[in-house]
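**Student:** Encoded as structure tokens, here's the structure I'll be asking about.
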Amino acid sequence: MIKILADSTCDLSKEVLELYDIILAPLTINIEGKLYKDRVDIEPNDFYSILKGLSEHPTTGMPSPEEYLKIINKAVNDGYEEILCICMSSGTSGAYQSAAIAKDYFYEEYPESAVKIHVVDSKCMSHGSGWLIMKSAMMREQGASFEEIIDFNETYKTKVKHFLSVDDLNHLIKSGRLTNASAFIGKILMLKPIMTMKQGKGAIVAKERGRNKVLKHYVQEFIKRNDNEMTEFILIGYTSDKAVAETLKQKLREEAGFSGAIHIMQMGVSVGTHVGPGAISMFFIEK
Numbered sequence: 020m021i022k023i024l025a026d027s028t029c030d031l032s033k034e035v036l037e038l039y040d041i042i043l044a045p046l047t048i049n050i051e052g053k054l055y056k057d058r059v060d061i062e063p064n065d066f067y068s069i070l071k072g073l074s075e076h077p078t079t080g081m082p083s084p085e086e087y088l089k090i091i092n093k094a095v096n097d098g099y100e101e102i103l104c105i106c107m108s109s110g111t112s113g114a115y116q117s118a119a120i121a122k123d124y125f126y127e128e129y130p131e132s133a134v135k136i137h138v139v140d141s142k143c144m145s146h147g148s149g150w151l152i153m154k155s156a157m158m159r160e161q162g163a164s165f166e167e168i169i170d171f172n173e174t175y176k177t178k179v180k181h182f183l184s185v186d187d188l189n190h191l192i193k194s195g196r197l198t199n200a201s202a203f204i205g206k207i208l209m210l211k212p213i214m215t216m217k218q219g220k221g222a223i224v225a226k227e228r229g230r231n232k233v234l235k236h237y238v239q240e241f242i243k244r245n246d247n248e249m250t251e252f253i254l255i256g257y258t259s260d261k262a263v264a265e266t267l268k269q270k271l272r273e274e275a276g277f278s279g280a281i282h283i284m285q286m287g288v289s290v291g292t293h294v295g296p297g298a299i300s301m302f303f304i305e306k
């Protein structure tokens with residue numbers, strides 16, 4: 020039996036988590052001195068509705084090794100013999116290190132245990148790691164072995180293509196993801212930055228004027244980069260404007276001719292803290 024666990028930045032919907040029995044280690048969000056667990060104590064819509072009125076920008080904290088160890092022990096007690104933990108990129112958070120430490124703690128406590136634990140540094144953020152988690156769960160349902168699922172993750176994790184654009188650059192500045200100078204230029208020219216992941220960290224790869232051009236950029240890049248054999252499904256993420264995500268989905272159908280599943284899911288509070296309302300993202304496997 021294979022158990023899949025992740026941190027809450029994977030941003031998978033409640034329905035997907037329940038369907039595939041995926042368990043999350045939640046990040047914590049500090050909102051004006053009060054701590055909340057992502058998707059446990061606070062939901063995305065509630066967070067985005069209060070974000071503009073906050074006097075201090077929220078901060079996030081990674082799950083502790085003890086949090087991961089608690090989840091691992093429960094999985095073992097429930098009869099799971101193989102545990103796969105897929106974490107957000109180690110280049111943006113310490114969640115991977117926490118999970119790796121928890122794995123070491125487990126084997127120190129149970130040195131004779133036959134339980135297999137593998138921790139993946141996904142090199143991804145948000146629905147990027149979510150894509151790997153969903154694919155892993157689908158492989159498990161189709162009868163793939165633990166080793167086959169691990170091999171897929173380690174082989175394709177750097178092939179998960181990310182595109183993210185935001186409405187308000189201030190959130191990226193306050194969270195340290197963008198310099199004041201870049202933001203100032205972007206505001207003067209009314210440009211929206213488009214970000215991706217490079218070597219496990221966020222990087223700006225383009226700037227477009229207006230949301231329509233952002234979506235056009237997404238579709239053009241998808242047509243150029245998509246691996247038709249490996250992209251069984253696309254994940255589209257949004258923070259506060261689902262209508263834009265629906266428009267992107269329609270464009271991918273009509274203009275890119277993609278016939279596979281396209282899932283639209285909301286970004287959670289931990290990711291939303293950094294990107295703010297109005298963000299739109301897209302994830303698939305590139306060639």
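Numbering (my numbering), first residue to last: 20 to 306. No residue lacks a Cβ here, since even glycine has one placed at the ideal position from N, Cα and C. Small disclaimer: the values here were computed from a predicted structure and weren't measured.
Where residue 254 and residue 269 are concerned, what is the direct C-alpha to C-alpha distance, given to the nearest angstrom?
**Tutor:** As a working mapping, residue 254 is identified with position 235 in the sequence shown. As a working mapping, residue 269 is identified with position 250 in the sequence shown. When rounded, the distance between both Cα atoms is 13 Å.
**Student:** Using DSSP's beta-bridge definition, name the partner residues of residue 66.
**Tutor:** In the sequence shown, residue 66 corresponds to position 47, counting from 1. Looking at the DSSP assignment, residue 66 forms no beta bridge with any residue, so it has no partner.
**Student:** By the DSSP assignment, the alpha helix (DSSP H) with residue 76 in it spans what residues?
**Tutor:** Counted from its first residue, the sequence shown places residue 76 at position 57. Note, residue 76: premise wrong, no alpha helix (DSSP H); not H, not E.
**Student:** Shortest alpha-carbon distance to residue 262 belongs to which of 130, 299, 95?
**Tutor:** Here residue 262 is taken as the residue at index 243 of the sequence shown, counted from 1. Residue 299 is the option with its Cα nearest to residue 262.
**Student:** So, is the C-beta of residue 171 closer than 9 Å to a C-beta in chain B?
**Tutor:** The structure shown contains no chain B, having only a single protein chain.
**Student:** Any contact of the segment 116–123 with the segment 82–89, i.e. 3+ C-beta pairs under 8 Å?
**Tutor:** yes
**Student:** Can you give the Cα-Cα distance for residue 22 and residue 210, rounded to whole angstroms?
**Tutor:** Position 3 of the sequence shown holds residue 22. Position 191 of the sequence shown holds residue 210. So the two alpha carbons sit approximately 43 Å from each other.
**Student:** Is it buried or exposed, residue 73, if we count other Cβ atoms within 10 angstroms and call 16 or more buried?
**Tutor:** As a working mapping, residue 73 is identified with position 54 in the sequence shown. Per the 10 Å Cβ criterion, exposed.
**Student:** Using a 10 Å radius around the Cβ and a threshold of 16 neighbouring Cβ atoms, would you call residue 286 buried or exposed?
**Tutor:** Sequence index remark: in the sequence shown, residue 286 carries index 267 (1-based). When all chains shown are included, residue 286 counts as buried.
**Student:** Which first and last residues belong to the alpha helix (DSSP H) in which residue 173 is found?
**Tutor:** For this step, residue 173 is matched to residue 154 along the sequence shown. Run containing residue 173: 165–175, per the alpha helix (DSSP H) assignment.
**Student:** On the criterion of 16 or more Cβ atoms from any shown chain inside 10 Å, does residue 30 qualify as buried, or is it exposed?
**Tutor:** Here residue 30 is taken as the residue at index 11 of the sequence shown, counted from 1. The residue is buried, with at least 16 neighbouring Cβ atoms inside 10 Å.
**Student:** Is the segment 92–102 touching the segment 50–61 in the sense that three or more CB pairs, one from each, lie closer than 8 Å?
**Tutor:** The segment 50–61 is not in contact with the segment 92–102.
**Student:** Is it buried or exposed for residue 212, if we count other Cβ within 10 angstroms and need 16 for buried?
**Tutor:** By one-based count along the sequence shown, residue 212 stands at place 193. Buried, by the Cβ-count rule.
**Student:** For residue 291, count the other beta carbons within 10 Å of its own beta carbon; 16 or more makes it buried, fewer makes it exposed. Which is it?
**Tutor:** Reading the sequence shown from its first residue, position 272 is the one you call residue 291. With 16 or more other Cβ atoms within 10 Å, it is buried.
**Student:** Considering only C-alpha positions, which residue in the set 177, 278, 153 is nearest to residue 110?
**Tutor:** As a first step, residue 110 must be located in the sequence shown, where it is residue number 91. Measuring from the Cα of residue 110, the nearest candidate turns out to be 177.
**Student:** Short check: CB of residue 251 to CB of residue 157, under 9 Å?
**Tutor:** Along the sequence shown, one-based indexing puts residue 251 at 232. Along the sequence shown, one-based indexing puts residue 157 at 138. Yes, the pair counts as a contact, with Cβ atoms nearer than the cut-off.
**Student:** Beta-carbon separation of residue 172 and residue 141 under 9 Å?
**Tutor:** Taking the sequence shown and counting its residues from 1, the one referred to as residue 172 is at position 153. Taking the sequence shown and counting its residues from 1, the one referred to as residue 141 is at position 122. The answer is yes: Cβ separation under 9 Å.
**Student:** Secondary structure at residue 301, three-state DSSP: helix, strand or coil?
**Tutor:** Locating residue 301 in the sequence shown gives position 282, where the first residue counts as 1. For residue 301, the three-state secondary structure derived from DSSP is strand.
**Student:** So, residue 214 versus residue 184, is the Cβ gap smaller than 9 Å?
**Tutor:** Counting from 1 along the sequence shown, the entry for residue 214 is found at position 195. Counting from 1 along the sequence shown, the entry for residue 184 is found at position 165. Going by C-beta atoms, residue 214 is nearer than 9 Å to residue 184.
**Student:** Going by DSSP, what residue range makes up the beta strand (DSSP E) through residue 213?
**Tutor:** Stepping through the sequence shown from its first residue, residue 213 is reached at position 194. Element bounds for residue 213: 211–217.
**Student:** Spell out the partners DSSP gives residue 252 in its beta bridges.
**Tutor:** Position 233 of the sequence shown, counted from the first residue, corresponds to residue 252. Answer is 280.
**Student:** Does the Cβ of residue 28 have 16 or more other Cβ atoms within 10 Å, making it buried, or fewer, making it exposed?
**Tutor:** As a first step, residue 28 is located in the sequence shown; it is residue number 9 there, counting from the start. With 16 or more Cβ atoms within 10 Å of its Cβ, residue 28 is classed as buried.
**Student:** Roughly how many whole angstroms lie between the Cα atoms of residue 226 and residue 92?
**Tutor:** As a first step, residue 226 must be located in the sequence shown, where it is residue number 207. As a first step, residue 92 must be located in the sequence shown, where it is residue number 73. Distance between the alpha carbons of residue 226 and residue 92: 46 Å.
**Student:** May I ask you to check if the CB of residue 64 is nearer than 8 Å to at least one heavy atom of the ligand NAD?
**Tutor:** Within the structure as shown, the ligand NAD is missing, as the structure has no ligands at all.
**Student:** Near residue 245, which residues of its chain fall below 6 Å by C-beta distance, leaving aside the five closest residues on each side in sequence?
**Tutor:** By 1-based counting over the sequence shown, the position of residue 245 is 226. Excluding positions up to five away in sequence, the list reads 303.
**Student:** What residue does the alpha helix (DSSP H) around residue 96 start on, and which one ends it?
**Tutor:** Position 77 of the sequence shown, counted from the first residue, corresponds to residue 96. Going by DSSP, residue 96 is part of the alpha helix (DSSP H) stretching over 84–96.
**Student:** Taking the alpha-carbon positions, what's the residue 222 to residue 159 distance?
**Tutor:** Looking up residue 222 in the sequence shown gives position 203. Looking up residue 159 in the sequence shown gives position 140. The straight-line gap from Cα to Cα measures roughly 33 Å.
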